[in-house]
Structure formats: structure tokens, C-alpha cells
Amino acid sequence: TIAQRYHRRLRVVGNIPYNITSPILFHLLDHRFWVSDILLMVQKEVARRMVAMQRTKDYGILSVLCQFYADVKLLFDVSANAFYPKPKVTSSVVQLVILDAPRYAVSDEEFFRKMVRSIFGKRRKTLRNSLKYFVEEVGGRLPESVDLQRRPEELSIRQLAELSNLVFKTIRNA
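Residue numbers (the numbering used here): 25 to 198.
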């Protein structure tokens, strides 16, 4: 890769096709060891999801994973009037400064990402229902300290990391 050739981390700057923003972001986060920071123009709604906090409608997989691996800032909006032809959407410029290590320690990053994708894929369900796949792996038993009546969007990133560690440990010890 270019980063390997020049022995430095890359700075990624771009105005990417809006219909593939999330897959590109996930790919960049998967390869974050080669990236120092990312500056992108994205659709305004995607930018809002990237910086969303818990207990908001925009909080989800993209929010959690971006903020788990980077400091994310919404820098400014770009009006549709700034373009010709004029698009039907407003754009936003966002910056992600990749952290040297994930924001919170997790036992297994791949498991954390898998769990986040799984539970937010069923965001209106309670943890009891959205963790069903993982609970079945441990014979239907999660520690009583897990409040299974909560919904994924109620949990902070720290709480998601703690939940991931707890579920991972329970599965490993089953």
C-alpha cells in the first residue's frame, strides 16, 4: 500500500458517492492502522448519524463504530446551492481523527463489531430480543447484571463495550 511504501499513515480526503458512504467508512475504519485522519463531504443525514449521541434517532451502527475508533467532528454544512447542477440534498464536511487505540477496551474487536451490527439491526427491539443469537450461544444464560429490557440506542459506547466484554466472556466460558 501507499502507507507501507512511505512508512506513514495516510490522510484521506474526498467527496465520495453518497450511496456508498457507509461501506467506504467501514472499510476505512477496518484499515485504520494505515490512516491518520479522514476528511469527507457526505450527505448531511449521514454526517448527523456519524456524530449522533445515544438516545437519539440517528444513533446507530455508524455512530458507534465511528466514535469507537475516532474523534468525529461535523465541521460545516454545504448548501445544495454550492453545486451545479444543484443536488436534492445538503452536504456536510466531517473529520475523523483516528485514535491510537479504540476508545474503550474490548475483549475482542471483531466480536464487538459483530454484536453492534446485530443489535442495531434490530434497534427497536429490547436487548433480550436483539441479543437472542448471542444468548442462544451461551445456552440462554446471560449474567443477571445485564438489563435485557433496554434498547440498543439507550446504551452509550462505553456501555456497549462493557456489554460486549460481558457477553464475550460468558460465551467463552460456556
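All C-beta atoms, glycine included, are put in the ideal place defined by N, C-alpha and C.
What number of angstroms, rounded off, separates the C-alpha of Pro109 from the C-alpha of Val75?
-> Cα-Cα distance, rounded: 28 angstroms.
Rounded C-alpha distance that separates Asp124 from Pro47 = Counting only the Cα atoms, Pro47 lies some 22 angstroms from Asp124.
Would you please state the rounded distance, in angstroms, between the beta carbons of Ile122 and Arg35? I believe it to be under 8 angstroms.
-> Not quite, the Cβ-Cβ distance comes to about 10 angstroms (not below 8 angstroms), so this is no contact.
For my contact list, Glu133 and Pro126 are in at a C-beta cut-off of 8 angstroms; report their separation, rounded to the angstrom.
-> With 8 angstroms as the limit, Glu133 and Pro126 qualify as a contact, their Cβ atoms being about 7 angstroms apart.
For Ile216, the first and last residue of its enclosing beta strand (DSSP E) | With the chain covering only 25 through 198, there is no way to say anything about residue 216.
Strand pairing of Ile62, partner residues [DSSP] = Paired residues: Val36, Leu120.
As assigned by DSSP and simplified to three states, the class of Leu199 | Outside the shown range of the chain (25 to 198) lies residue 199, about which nothing can therefore be said.
Since Asp54 is in the beta strand (DSSP E), which residue starts that stretch and which ends it?
-> The continuous stretches of beta strand (DSSP E) do not include Asp54, which lies in the alpha helix (DSSP H) extending over residues 45 to 54.
Rounded to whole angstroms, what's the CA-CA distance from Tyr42 to Asp171? Just pull it up for me.
-> So the alpha carbons of these two residues sit roughly 37 angstroms apart.
Ile143: buried (16+ other C-beta within 10 angstroms of its C-beta) or exposed?
-> Buried, by the Cβ-count rule.
Could you tell me which residues DSSP pairs with Lys97 in its beta bridges?
-> Lys97 pairs with Gln119.
Expressed to the nearest angstrom, what Euclidean distance is found between the alpha-carbon atoms of Gln173 and Arg33?
-> Rounded to whole angstroms, Gln173 to Arg33 spans 43 angstroms at the Cα level.
With C-beta atoms as the reference, is Val130 less than 9 angstroms away from Ser115?
-> Annotated as distal: Val130 and Ser115, with beta-carbon spacing of 9 angstroms or more.
Have a look at Thr194 and Leu187 and give me their C-alpha separation to the nearest angstrom.
-> Straight-line Cα distance between these residues: approximately 10 angstroms.
Cys90 versus Thr80: straight-line alpha-carbon distance, rounded | Spanning the two alpha carbons is a distance of roughly 16 angstroms.
Rank Arg148, Tyr93, Met65, Met77 by C-alpha distance to the C-alpha of Trp58 and give the top, closest one.
-> The candidate whose alpha carbon is nearest that of Trp58 is Tyr93.
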